[in-house]
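Q:
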Amino acid sequence: MDFLFSGNLLVVDLQKKEIEEEVLSEEFISRYIGGARANIALYEKYREEDPIVFGSGFFTGTPVPASCLGVVTGKSPRTGKIGHSPFNLYAGMELKLSGFDFIVVKGVAAEPLYLWVHDGLADLLDASELWKMDTWALTDELRNIIGEEMVQVLGIGEAGMKGSPAAQININYWASPDQFGFGAKMGEKNLKALALRGLNMLDAADPPEFNDRCLELHNRIKGSKVLPGKGFASFSTLLGGEDISGWLSQLLHRHSGCFACHMSCNTFVKYNESPTEMRSTEVTEPGILFTGLSYLQKLKKGGFTIEECGRILEQVSRLGLDPDVAADALVGEGVSDSKGAKKVLQELISAGEVKSGGWMSEEAAEANGQNIFSSWPPFKAIGEGIEKEWMQINALAYTCGICPVFMLTVPFVDAAALAHLMEPGAEMEMTGEALLEITQEILDH
Amino acid sequence: MPFAVEPLKCNGCSLCEVACSYHRDEAFSLLSSSIMVYRAEEKKNYFGLIIKFEDTLLLGRPEGAEEVGMAEMQSQGGGASAKPIMIREACDGCEDLDGPLCVAYCPTGALSRREAEV
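The listed protein sequences correspond, in order, to chains A and B. Just so you know, we're using numbering that gives the first Met the number 0 here: the first sequence kicks off at 0 and counts up by one. Just so you know, we're using numbering that gives the first Met the number 0 here: the second sequence kicks off at 0 and counts up by one.
1. Does the beta carbon of C308(A) come closer than 8 Å to any beta carbon on chain B?
2. Does the region 427 to 443 of chain A touch the region 389 to 400 of chain A, meaning 3 or more C-beta pairs lie closer than 8 Å?
3. Could you give the distance in angstroms between the alpha-carbon of V11(A) and the alpha-carbon of R113(B)?
4. Please state whether the Cβ-Cβ distance between L94(A) and G197(A) is less than 8 Å.
5. Between Y294(A), Y270(A) and T275(A), which lies nearest to P285(A) when the distance is taken from Cα to Cα?
6. Which residues in the same chain have their Cβ closer than 8 Å to the Cβ of F46(B), if we skip the five residues on either side of it in sequence?
7. Helix, strand or coil, according to DSSP, for I348(A) in the structure here?
8. Which residue or residues does DSSP assign as beta-bridge partners of C37(B)?
9. Bridge partners of H117(A), per DSSP?
10. Whole angstroms is fine: what's the gap from G301(A)'s alpha carbon to G331(A)'s?
11. Step through the CB atoms of chain A and report whether any lies within less than 8 Å of the CB of L122(B).
12. Who are the near neighbours of P377(A) in its chain, counting only those whose CB is closer than 6 Å to its CB and skipping five residues on each side?
13. Do G69(A) and T59(A) have their beta-carbon atoms positioned less than 8 Å apart in this structure?
14. Contact criterion: CB-CB distance below 8 Å. Does K221(A) meet it with respect to chain B?
15. Work out the CA separation of S20(B) and L30(B) for me, nearest whole Å.
16. Could you check which residue in C260(A), H252(A) and L288(A) has the C-alpha nearest to that of R272(A)?
17. Kindly give me the distance between the Cβ atoms of I168(A) and I155(A), rounded to whole angstroms, as I take these residues to be in contact under 8 Å.
18. Give a yes or no on whether 8 Å exceeds the smallest Cβ distance from A108(A) to chain B.
19. What residues are listed by DSSP as bridge partners for K105(A)?
20. Is the region 73 to 93 of chain A in contact with the region 29 to 43 of chain A, if contact means three or more CB pairs nearer than 8 Å?
21. On the DSSP letters alone, give me the boundaries of the alpha helix (DSSP H) that F372(A) sits inside.
22. Using a Cβ-Cβ distance under 8 Å, would E116(B) count as near chain A?
23. Output the residue ranges of the alpha helix (DSSP H) runs that lie fully inside the region 270 to 354 of chain A and measure 4 residues or longer, sorted by chain position.
24. Could you spell out where the alpha helix (DSSP H) holding V409(A) opens and where it closes?
25. Considering Cα atoms alone, identify which of S373(A), F411(A) and G119(A) is closest to R77(A).
26. Spatial neighbours of T55(B) within its chain, please: CB distance less than 7 Å, with the 5 preceding and 5 following residues excluded, ordered by chain position.
27. When you compare the CB of G68(B) with every CB in chain A, is at least one pair closer than 8 Å?
28. Taking the alpha-carbon positions, what's the A64(B) to N44(B) distance?
29. Should L420(A) and C213(A) be called a contact, given that it needs their Cβ atoms to be closer than 8 Å?
30. Select from the region 314 to 326 of chain A all residues with a C-beta closer than 8 Å to any C-beta belonging to chain B, and list them in chain order.
31. Looking at F231(A) and T266(A), is the spacing between their C-beta atoms short of 8 Å?
32. Measuring CB to CB, does G59(B) end up less than 8 Å from V4(B)?
33. Closest Cβ-Cβ distance between C19(B) and chain A: below 8 Å?
34. Per DSSP, E66(B) forms a beta bridge with which residues?
35. Distance, Cα to Cα, A204(A) vs D1(A)?
36. May I have the straight-line CA-CA distance separating V315(A) from A325(A), to the nearest angstrom?
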């Protein structure tokens with residue numbers, strides 16, 4: 000594949016400790032587009048070896064708005080079914096620019112390993128010294144070993160190491176949208192982390208036309224005023240939920256966006272130094288980045304102060320736990336502070352099953368299809384009442400590598416708009432209807 | 000300088016880097032641009048912009064923007080993420096276009112054209 004992809008696939012056999020590179024054919028991309036749809040095809044090819052597939056979307060890493068998404072696909076330790084979970088921030092982009100568009104990880108390693116992927120190279124390396132590290136220490140140590148602070152780490156903590164279905168794959172230090180327990184899948188495989196860094200280049204078939212169309216879309220977004228305010232809290236009020244912005248603002252430091260995105264959803268709070276401190280001080284761990292909403296709502300409702308919430312979610316992140324599941328457990332057990340949280344979180348890691356599930360009720364799932372996408376941002380109100388449409392948006396977004404929340408918020412970034420970019424992007428003639436037919440296959444799988 | 004920088008408006012999206020790489024190479028990457036999002040201190044949520052000009056670097060730090068000489072930057076060490084930008088091409092303000100492409104892409108207004116240039 001010459002355009003918008005590096006054109007390479009990695010197949011990692013953990014048992015044999017071998018890595019094979021394959022060239023992605025144009026037919027593969029024409030047929031499956033990318034992201035979750037392509038991941039399913041690769042999953043099926045290696046199904047017997049219980050693979051976990053890390054894939055980039057068609058537009059991931061390009062100037063297309065909100066093209067930040069990578070997707071993990073595999074058999075969920077939590078649901079026992081196939082699930083797709085996005086990885087955002089910079090991690091999706093770094094995978095796409097690493098020289099490999101998709102990574103299939105199969106088998107089980109005899110000893111702990113990590114996969115270092117960069118600049119068209121991939122190495123399986125010993126992780127025995129890293130294995131017991133929490134995700135914060137892991138990220139620091141991998142960046143130290145590699146000598147590059149901007150390496151993106153998809154890693155696991157104690158929860159994944161112990162095979163808890165409440166485990167998730169973290170993105171660097173922070174919680175990810177993984178609500179399928181893929182952290183436990185990596186733990187089962189003795190795979191501590193993927194370290195990604197991308198300095199490759201993506202070519203477009205018709206660069207000026209592709210650039211013009213992307214810019215046109217960005218300008219339309221800037222002029223449309225459809226975007227909510229900053230931070231995930233702004234979605235809460237947008238969707239008629241509780242306004243938690245005042246509660247958050249007590250320790251609010253600064254908002255940030257994922258790669259290529261207009262929306263600054265992510266919210267950083269500081270509790271170890273003044274939240275108004277904008278300089279880089281000697282305080283190395285001043286706070287935490289909130290990358291979701293519903294666990295904040297749950298903890299606020301449970302009576303936690305924003306400071307307690309930050310400190311507890313730091314513990315949750317370090318352990319590599321799904322913060323939504325953790326919030327349910329903490330509130331359910333009546334924990335009132337961060338000290339009491341430690342015991343509950345350890346019990347959660349030891350528990351064999353997790354009650355907290357996807358964003359749809361069982362009835363809605365029965366009527367509209369299974370919970371095959373992470374409920375991201377984990378906030379039921381987004382999906383309630385529009386289950387079918389939200390599933391279709393997710394299927395499209397997870398295939399094209401665009402943030403689904405962005406697509407929901409900016410409705411004119413739809414299948415037709417994305418199809419319109421495919422011809423100058425990659426010489427692919429596509430209509431919105433044809434694109435939706437392909438992404439529908441994810442829902443029908 | 001062809002544009003003004005307001006670092007606290009930056010959300011770290013890196014569209015400016017992608018736009019600049021397109022201007023340089025008609026391809027998309029984070030390697031060849033004259034502008035980069037400084038995101039080496041992620042755990043502190045400390046991020047901003049660095050732009051390379053002929054003899055200076057514009058450091059768009061959260062606490063404020065300042066232009067420093069290349070020699071001064073090197074003597075300060077610069078940090079691992081500052082090193083690559085020093086060996087990149089200097090910003091030419093996208094002379095062949097209506098205005099800097101990074102400004103056109105910037106979704107937050109962190110980069111804007113200077114009044115005199117508009």
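Cβ atoms here follow ideal geometry from the backbone N, Cα and C, with glycine treated the same way. All of these numbers come straight from a predicted model, not from anything done at the bench.
A: Per the coordinate set shown:
1. As a first step, residue 308(A) must be located in the first sequence, where it is residue number 309. C308(A) does not count as touching chain B.
2. yes
3. Position 12 of the first sequence, counting from 1, holds the residue named residue 11(A). Position 114 of the second sequence, counting from 1, holds the residue named residue 113(B). Roughly 51 Å separates the two Cα atoms.
4. Position 95 of the first sequence, counting from 1, holds the residue named residue 94(A). Position 198 of the first sequence, counting from 1, holds the residue named residue 197(A). Yes; because the gap between Cβ atoms is below 8 Å, this pair is in contact.
5. As a working mapping, residue 285(A) is identified with position 286 in the first sequence. Nearest C-alpha to P285(A): Y270(A).
6. Position 47 of the second sequence, counting from 1, holds the residue named residue 46(B). Within the same chain, F46(B) has close Cβ partners C9, G11, V36, Y37, R38, E40 and P61.
7. For the purposes of this step, residue 348(A) is taken as the residue at position 349 of the first sequence. I348(A): helix per DSSP, three-state reduction.
8. Mapped onto the second sequence, residue 37(B) falls at position 38. Note on identity: in this sequence residue 37(B) is Tyr, with Cys being the wrong assignment. In the DSSP output, where bridge partners are listed per residue, Y37(B) has G47(B).
9. As a working mapping, residue 117(A) is identified with position 118 in the first sequence. In the DSSP output, where bridge partners are listed per residue, H117(A) has L120(A) and R196(A).
10. Residue numbering aside, residue 301(A) sits at position 302 when the first sequence is read from its first letter. Residue numbering aside, residue 331(A) sits at position 332 when the first sequence is read from its first letter. For G301(A) and G331(A), the distance between alpha carbons rounds to 9 Å.
11. The structure shown does not extend to residue 122(B), since chain B is modelled only from 0 to 117, so the question has no answer here.
12. One-based indexing of the first sequence puts residue 377(A) at position 378. Reliability of the predicted coordinates at P377(A) is poor, the pLDDT of 45 falling under 50, and no value is obtained from them.
13. Walking along the first sequence from the start, residue 59(A) turns up at place 60. Walking along the first sequence from the start, residue 69(A) turns up at place 70. Going by C-beta atoms, T59(A) is nearer than 8 Å to G69(A).
14. Position 222 of the first sequence holds residue 221(A). It does: the Cβ of K221(A) has a partner Cβ on chain B nearer than 8 Å.
15. Locating residue 30(B) in the second sequence gives position 31, counting from the first residue. Locating residue 20(B) in the second sequence gives position 21, counting from the first residue. Cα to Cα, L30(B) sits roughly 7 Å from S20(B).
16. In the first sequence, counting from the first residue as 1, residue 272(A) sits at position 273. As written in the sequence, residue 272(A) is Glu, which differs from the Arg given in the question. The residue with the shortest Cα to Cα distance from E272(A) is H252(A).
17. On the first sequence, residue 168(A) is found 169 positions in, with the first residue counted as 1. On the first sequence, residue 155(A) is found 156 positions in, with the first residue counted as 1. Correct: roughly 6 Å between the Cβ atoms.
18. Counting from one through the first sequence, the residue named residue 108(A) turns up at place 109. No, its Cβ sits nowhere closer than 8 Å to a Cβ of chain B.
19. The count along the first sequence starts at 1 and reaches residue 105(A) at position 106. D12(A), per the DSSP bridge assignment.
20. yes
21. Walking along the first sequence from the start, residue 372(A) turns up at place 373. Neither: F372(A) is in no alpha helix (DSSP H) and is coded neither H nor E.
22. The count along the second sequence starts at 1 and reaches residue 116(B) at position 117. Model confidence at E116(B) stands at a pLDDT of 47, short of 50, so the residue's coordinates are unreliable and nothing is read from them.
23. 293 to 300, 305 to 318, 322 to 331 and 337 to 349
24. Translated into the one-based positions of the first sequence, residue 409(A) becomes position 410. No alpha helix (DSSP H) contains V409(A), which DSSP labels as neither H nor E.
25. Position 78 of the first sequence, counted from the start, is the residue given in the question as residue 77(A). Among S373(A), F411(A) and G119(A), the Cα nearest to that of R77(A) is on S373(A).
26. Here residue 55(B) refers to the residue found at position 56 of the second sequence. Closer than 7 Å at Cβ, skipping near neighbours: E66, V67, G68 and M69.
27. Here the question's residue 68(B) lines up with position 69 in the second sequence. No, G68(B) lies away from the interface with chain A (no Cβ there is under 8 Å from its Cβ).
28. As a working note, residue 64(B) is residue 65 in the second sequence. As a working note, residue 44(B) is residue 45 in the second sequence. The alpha-carbon atoms of A64(B) and N44(B) are separated by roughly 17 Å.
29. As a first step, residue 420(A) is located in the first sequence; it is residue number 421 there, counting from the start. As a first step, residue 213(A) is located in the first sequence; it is residue number 214 there, counting from the start. Yes, Cβ-Cβ distance for L420(A) and C213(A) is below 8 Å.
30. none
31. Here residue 266(A) corresponds to residue number 267 of the first sequence, with the count starting at 1. Here residue 231(A) corresponds to residue number 232 of the first sequence, with the count starting at 1. In this structure, F231(A) lies closer than 8 Å to T266(A) by Cβ.
32. Residue 59(B) sits at position 60 when you count from the first residue of the second sequence. Residue 4(B) sits at position 5 when you count from the first residue of the second sequence. Yes, the pair counts as a contact, with Cβ atoms nearer than the cut-off.
33. Reading the second sequence from its first residue, position 20 is the one you call residue 19(B). With 8 Å as the cut-off, C19(B) does not count as an interface residue toward chain A.
34. One-based indexing of the second sequence puts residue 66(B) at position 67. DSSP output for E66(B) lists L57(B) as bridge partner(s).
35. For the purposes of this step, residue 204(A) is taken as residue 205 along the first sequence, with counting starting at 1. For the purposes of this step, residue 1(A) is taken as residue 2 along the first sequence, with counting starting at 1. The straight-line gap from Cα to Cα measures roughly 8 Å.
36. Position 316 of the first sequence holds residue 315(A). Position 326 of the first sequence holds residue 325(A). Looking at the two C-alpha atoms, the distance is approximately 7 Å.
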